[in-house]
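From first to last, the protein sequence lines are chains A and B. If you read the first sequence in the working numbering, its first letter stands for residue 83, the second for the next number, and so on. If you read the second sequence in the working numbering, its first letter stands for residue 83, the second for the next number, and so on. The next block holds one structure in the form of C-alpha cells; read it before the comments.
2 protein chains.
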Amino acid sequence: MYVAVMGFGTVGSGVVELLYKNHHSIVKKSMQDSLDLKYILDIRDFPDSPYKDKFVKDFNIILNDPEVQIVVETMGGITFAYDFVKKLLLAGKSVVTSNKELVAEKGFELLTIAKEKNVNFLFEASVGGGIPIIRPITQCLAANEIDEIAGILNGTTNYILTKMITEDVSFEDALKNAQELGYAEKDPTADVDGHDACRKICILAALCFGKHVYPKDVHTEGIRNISSADVEYAKSWGGVIKLIAAAKKIGDDKISVTVGPAFVQKRSQLASVDDVFNAVLVRGDATGDVVFYGRGAGKMPTASAVVADVIDAAKHTLKKKNFGWDDAQENYVINYREQSAAMYVRGTAENREEAIKAINEKIGAVRVLSRENAPENELAVVTNPLPEGEIRDKLQNISSFAPVSFIRITNY
Amino acid sequence: MYVAVMGFGTVGSGVVELLYKNHHSIVKKSMQDSLDLKYILDIRDFPDSPYKDKFVKDFNIILNDPEVQIVVETMGGITFAYDFVKKLLLAGKSVVTSNKELVAEKGFELLTIAKEKNVNFLFEASVGGGIPIIRPITQCLAANEIDEIAGILNGTTNYILTKMITEDVSFEDALKNAQELGYAEKDPTADVDGHDACRKICILAALCFGKHVYPKDVHTEGIRNISSADVEYAKSWGGVIKLIAAAKKIGDDKISVTVGPAFVQKRSQLASVDDVFNAVLVRGDATGDVVFYGRGAGKMPTASAVVADVIDAAKHTLKKKNFGWDDAQENYVINYREQSAAMYVRGTAENREEAIKAINEKIGAVRVLSRENAPENELAVVTNPLPEGEIRDKLQNISSFAPVSFIRITNY
C-alpha cells in the first residue's frame with residue numbers, strides 16, 4: 083500500500099521521518115504487507131533532503147496514481163487544502179489531515195463525501211497534537227452520553243498565562259518571551275485572540291454532540307486583556323486563569339460553546355497543565371471526568387497522531403469509521419449570554435461598601451476577593467451562577483461600580 | 083446481534099444498566115441493526131430485578147446458543163472465569179472482560195485462542211476502570227515506540243496516601259477510614275500490598291512491549307511501611323509519595339517492571355492525582371509524555387469501558403484486533419536490583435556528620451533532607467541514580483547509619 087504526503091513543513095516532515103524511522107512496527111500494526119511513501123507534494127525544492135526522489139510539484143500526479151490509497155494533508159490553510167482533499171476523497175482515496183481549520187470549516191462536507199465514497203477521512207492530529215483525544219471520544223467513551231468537554235487547547239496562550247502566573251510578568255512581556263522562544267508567531271492573533279482554540283473546540287463539539295459547529299457561531303475571547311491583577315485575584319480565590327475552550331449540552335437539542343479566559347480551581351487536573359502543554363477534560367454520564375494530557379503541538383507529537391491515523395486508515399480498508407457528524411443547525415449553539423455560570427468581576431468603586439451593597443441588591447450575594455497592594459478603588463467579586471448576560475448587564479448599570487473585567491468560573 | 087453478561091455484581095449490573103440506558107446510541111455506534119442482551123449468568127437469584135427474565139444459572143446455555151456472539155465476563159477471579167472464557171473463545175464467540183487477574187495470568191493464551199478462532203478478546207476495563215488506556219496505547223500511540231509507562235493504578239492506596247499527605251494521619255488510620263467508606267476491603271491485602279496494581283502493570287507492559295509478563299516476576303512493594311516521616315520528607319524534597327507501577331524498556335530485549343511507593347515531583351501530572359482517581363503516563367519517542375486521568379474503578383466508569391469494548395467487538399466482526407502480545411520469555415524482566423534510579427533513604431544515625439561522610443564515600447554525594455521536629459538521630463537523604471541493589475547493599479553496610487526506608491524517585 084502506498085502513501086503520499088502533501089506539505090513538507092514542520093508536521094509533514096515529521097510524518098515522513100516517522101514513516102521511515104518506525105517503518106517495521108508501522109507496517110505490522112497496519113496489518114498490510116507494505117506501507118510505503120510514494121510522493122511528497124511541495125512547491126519548494128529540497129535538494130539535500132534524504133527523501134529528494136519522492137518530491138513532486140504537481141498535485142495531479144498523486145490524484146491520478148491508483149497505487150496511492152492514503153494521502154496525508156499537512157499543508158494547512160483552507161483554499162488549496164480543501165480543493166485537494168475534496169478531489170482525493172472523490173477519487174476514492176483516504177485522507178488523513180492535521181489541519182484544524184479545514185476540519186472546523188468543512189468537516190461535515192468532507193466526512194459526507196468520504197462516507198459516500200467508502201473511504202476514511204481522519205483528523206486525530208487536528209486537536210491536541212500528540213494527545214489521543216478524537217479516537218478515545220468516538221470509541222473508548224462510546225458507551226457514554228457526553229455532557230461536557232473542555233480543554234486547554236492552545237499551547238501559546240497557556241505558555242503566556244503560565245509565565246504571568248508563576249513569574250508575575252505582564253501579558254506584553256510574556257508574549258514577547260513566547261515570541262523569542264518561537265512559541266508565538268510574529269502576528270500572534272490566531273493564538274492570543276482564541277481563534278485556534280475555537281477551531282479545535284468546534285471539532286470536539288461536533289464529535290461529542292453530533293452536529294457541525296462553525297467557528298463564527300462561537301463566542302471567542304482571547305487573553306490580551308488579562309492583567310496581573312486578575313492573575314492575583316485568581317490565586318486568592320484558590321485557582322489559576324486558563325484559556326478554556328468548552329462545549330456543553332443544554333437540554334436535548336442545544337449546546338453552548340465558548341472560548342475565553344476562565345478561573346480553574348487549583349485542585350482541578352486542568353490547573354496543573356503548564357507551559358505549552360494541552361489537556362482535554364471529558365465529562366461522561368458513566369465515566370465521570372476523564373482527562374487527557376500531553377503536548378498539543380510540535381513536530382513529532384503531531385506527526386505521531388497523523389501516522390496513527392495512517393495506520394488506522396490502512397487497517398480499515400473495508401469497514402469505515404462513522405463519526406456521526408451531521409450538518410450544522412440554526413440556533414443549535416445558544417448565545418453565550420444565556421449560558422449560566424458564576425463569574426469573577428473586577429472593576430473600580432470609589433465607595434467599596436456602597437458598591438458591594440448595590441451589587442448584592444442586583445445579583446444576590448457575592449464573594450469579595452482581596453489582593454496585596456490593590457488600589458483603594460479596586461473591587462473584585464465572584465458571583466453565584468447566573469446567565470452571563472444578566473450578570474454583565476446588571477453590573478454595568480450600577481452607578482457606584484464600573485466593571486473592567488469579566489471572567490467565567492469553571493466547575494472542574 | 084446478541085450479548086450475554088456473566089456475573090451480576092457491581093460491574094456486571096452496571097454493564098446491563100448501560101446497555102439499556104444508552105441502547106439507541108450503542109446500537110448506532112456498533113453499526114449493527116440490533117444489539118440486545120439475551121442472558122445474565124449468575125448463581126444467585128434476583129427476583130426483583132427488572133432484568134429477571136434474562137437470568138440463567140447454567141453456563142452451557144450461553145455457550146451453546148449460536149445467537150450469542152459476544153459475552154461479557156465480569157465474574158472476577160481465575161478458576162471459573164478462565165474455564166468459561168476459554169470455552170467461549172473456542173466456540174467462536176468474542177469475549178469482553180474487566181478481569182485483570184485473568185488477563186494478567188492468561189492473556190497470552192486467551193489472545194492466541196481468539197486469534198485462531200478469529201474472534202475478539204477485549205479487556206479495556208481491566209486497567210484504569212473508565213480511563214481509556216488500552217485502546218489509546220494500541221491505536222493512538224501506534225506510531226510511537228513506547229519507552230516507559232507508569233501509573234497510579236490502584237484507587238484504594240491512592241486514597242490512603244492522599245489522606246496521609248493532606249491530613250497528616252497514619253497509614254493505619256487512613257486505612258481504617260478507607261474501609262469505613264467502602265474504598266478498602268476488610269482484607270485489604272490485594273490493594274495495600276500492591277498486588278492489584280501489579281496485575282495492571284503486567285497488562286500494560288505486555289501491550290507496550292509485546293511480551294506477556296507474569297505478576298510473580300514483578301518486584302512488588304505496598305504502602306504499609308510508609309510513615310508520616312516519609313510523607314513529610316517527600317514534601318520537603320518537593321513532591322509527594324504515590325504508589326507507582328512502572329514498566330520501562332531496557333535496551334532492545336529487556337524491560338524493568340516494578341510496583342512500589344515512589345517520590346513524584348510536585349509539578350508532575352501524577353502528583354495531583356488524588357483520592358480514588360487513577361492516572362497513566364505513557365512516554366513515547368514521538369509524543370513525549372501523555373497522561374490519561376480518571377476514575378480507575380467504580381460501577382459505571384468500569385461498565386462504560388466494558389460496553390465500549392462490546393461496541394468495538396460488534397463493529398469488528400470481520401477484522402480482528404491484533405495486540406501483538408507474545409508469550410513470556412525467561413530473563414526478559416530484569417531483577418529490580420539492577421534497575422538504575424535515584425533513591426530516598428531514611429534511617430537512624432547517632433552521629434549525623436559521620437554518617438553523611440560515610441554515605442558520601444560509599445555512593446557519592448547525596449542531598450540531605452530535613453523536616454520539622456525530626457528526632458535528632460534521624461537522617462534522610464536522596465541519592466544520585468545508581469542500580470537499586472547497589473544503593474541498598476552499600477548503605478546497609480555503614481556502621482554509622484541504619485537505613486529503615488528506601489523509596490524510588492521518579493523522573494516524571
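Heads up, the beta-carbon is just placed ideally off N, CA and C, and yes, glycines get one too. Small disclaimer: the values here were computed from a predicted structure and weren't measured.
- Residue contact check for Phe291 of chain B against chain A: no CB pair falls below 8 Å.
- Residues of the same chain with a CB within less than 7 Å of the CB of Arg449 of chain B, apart from the 5 flanking positions on each side, are Val463, Val464 in chain order.
- Spanning the alpha carbons of Lys258 of chain A and Ala410 of chain A requires a straight line of approximately 38 Å.
- Classified as exposed, Arg419 of chain A has fewer than 16 neighbouring CB atoms from the shown chains inside 10 Å of its CB.
- By the Cβ neighbour-count rule, Asn417 of chain A is exposed, with fewer than 16 other Cβ atoms within 10 Å of its own.
- Leu223 of chain B is positioned such that its CB atom lies no closer than 8 Å to that of Pro467 of chain A.
- Under the three-state reduction of DSSP output, Thr465 of chain A falls in the coil class, being neither helix nor strand.
- Listed as beta-bridge partners of Tyr426 of chain B by DSSP are B:Val464, B:Ile489.
- In this structure, the straight-line span from the alpha carbon of Ile308 of chain A to that of Ala279 of chain B is close to 43 Å.
- Here the alpha carbons of Glu183 of chain B and Gln421 of chain B stand approximately 26 Å from one another.
- Under the 8 Å criterion on CB atoms, Tyr265 of chain A is classed as non-interfacial with respect to chain B.
- Looking from the CA of Lys134 of chain B, the closest CA among B:Trp319, B:Lys120, B:Lys293 belongs to B:Lys120.
- Judged by DSSP secondary structure, Tyr315 of chain A falls within the alpha helix (DSSP H) whose first and last residues are 310-319.
- Nearest C-alpha to Gly342 of chain B among B:Phe128, B:Ser487, B:Ala186, B:Val97: B:Ser487.
- Burial is judged here by how many other beta carbons sit within 10 angstroms of a residue's own beta carbon; Gly94 of chain A has at least 16 and is buried.
- At least 8 Å separates the beta-carbon of Gly237 of chain A from that of Ala361 of chain A.
- Per DSSP, reduced to three states, the secondary structure at Ala232 of chain A is strand.
- Scanning B:Lys169, B:Ala256, B:Ala456, B:Ala390 for the CA closest to the CA of Ile108 of chain B turns up B:Ala390.
- By the rule that beta-carbons nearer than 8 Å mark a contact, Asn455 of chain B does not touch chain A.
- The Cβ-Cβ distance between Val358 of chain A and Ala379 of chain A falls below 8 Å.
- For Ser386 of chain B, there is no enclosing beta strand (DSSP E); the residue is part of the alpha helix (DSSP H) that begins and ends at 381-397.
- Contact between the stretch 280-297 of chain B and the stretch 204-211 of chain B is present, with at least three C-beta pairs closer than 8 Å.
- Less than 8 Å divides the Cβ of Glu227 of chain B from the Cβ of Gly366 of chain B.
- Closest option to Lys293 of chain B, judged by alpha-carbon separation, among B:Leu101, B:Asp408, B:Ala423, B:Phe128: B:Asp408.
- If you ignore the 5 residues before and after Leu145 of chain A, its C-beta comes within less than 7 Å of the C-beta of Lys169, Leu170, Ala173, all in its own chain and listed in chain order.
- As the crow flies, the alpha-carbon of Asp165 of chain A is around 12 Å from that of Asn142 of chain A.
- Under the three-state reduction of DSSP, Thr156 of chain B is assigned to coil, being neither helix nor strand.
- Between the stretch 316-325 of chain B and the stretch 338-354 of chain B, the count of Cβ pairs shorter than 8 Å is three or higher; the stretches touch.
- With at least 16 other beta carbons inside 10 angstroms of its own, Tyr315 of chain B counts as buried.
- By the 16-neighbour rule on beta-carbons within 10 angstroms, Leu263 of chain B is exposed.
- When DSSP states are grouped into helix, strand and coil, Met88 of chain B belongs to the strand group.
- Excluding its 5 nearest sequence neighbours in each direction, Phe128 of chain A has C-beta neighbours in its own chain below 7 Å: Phe90, Lys134, Phe137, listed in chain order.
- Against chain A, a Cβ distance below 8 Å from Pro218 of chain B picks out Pro214, Arg217, Pro218, Cys222.
- Secondary structure in the stretch 328-389 of chain B: no alpha helix (DSSP H) run of 4 residues or longer lies completely within the stretch.
- Cβ-Cβ distances below 7 Å link Gln151 of chain B to Met83, Tyr84, Lys175, Ser176 in the same chain, with the five nearest sequence neighbours on each side left out; the list follows chain order.
- The three-state secondary structure of Lys324 of chain B, taken from DSSP, is strand.
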